[in-house]
Amino acid sequence: MGLYNFHRVLIIVAILFDVGFSIYCYRKYQVSSESLHVVMLLGSSVVTLVLVTYLIYFNRSLAILRSMASDRIRRCHSCYYDLRGISEIDHDRCPQCGAELAAIPSAEVM
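Under this note's numbering, think of the first position of the sequence shown as 0, with each following residue one higher.
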């Protein structure tokens with residue numbers, strides 16, 4: 000998860016940089032009235048909007064990945080019985096077929 004957070008911080012820094020650059024271009028345009036500053040202002044604003052949209056998309060996809068990881072189902076390796084409500088402390092065998100739970104992988108994605 001550390002790389003996800005680093006990526007999120009990197010995108011936020013880029014957004015802040017673009018916002019600052021847009022403000023700089025606007026102030027330079029007010030002083031000099033050069034059309035180049037307007038073009039840079041519009042370009043930087045578009046990049047800012049794209050980065051904000053990407054950050055929203057990235058956060059949503061990360062939330063989906065987290066929810067998928069929390070929905071992992073433990074299943075018996077021989078009969079595929081759903082073992083979500085059964086802890087290894089209470090039961091050492093599958094209630095359906097009697098297979099040992101110690102041999103069952105702890106998190107199997109279905």
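Glycine is no exception: its CB is placed at the ideal position from the N, C-alpha and C atoms.
Please read all numbers here as calculations on a predicted model, not as lab measurements.
Given a threshold of 16 other Cβ atoms within 10 Å of its Cβ, counted over all protein chains shown, does residue i qualify as buried or as exposed?
i     : result
Thr47 : buried
Leu9  : exposed
Leu41 : exposed
Ser32 : exposed
Leu35 : exposed
Cys75 : buried
Look at the alpha carbon of residue i and the alpha carbon of residue j, and state the distance between them as a whole number of angstroms.
i     : j     : result
Arg59 : Arg65 : 10 Å
Phe5  : Ile11 : 10 Å
Met39 : Tyr28 : 10 Å
Val45 : Pro94 : 59 Å
Val51 : Ser77 : 48 Å
CB-CB under 8 Å to residue i, same chain, minus the five flanking residues each way: which ones, in chain order?
i     : result
Phe16 : none
Counting only the same chain and skipping the five closest in sequence on each side, list residues whose C-beta sits under 7 Å from that of residue i.
i     : result
Ser43 : Asp17, Phe20, Ser21, Cys24
Which first and last residues belong to the alpha helix (DSSP H) in which residue i is found?
i     : result
Gln95 : Element bounds for Gln95: n/a, residue is neither H nor E.
Asp17 : 1-31
To which residues of the same chain is residue i closer than 6 Å at the C-beta, ignoring the five residues directly before and after it?
i     : result
Phe57 : none
Val13 : According to the sequence provided, residue 13 is Ala. The question's Val does not apply to it. So the qualifying residues of the chain are Leu50.
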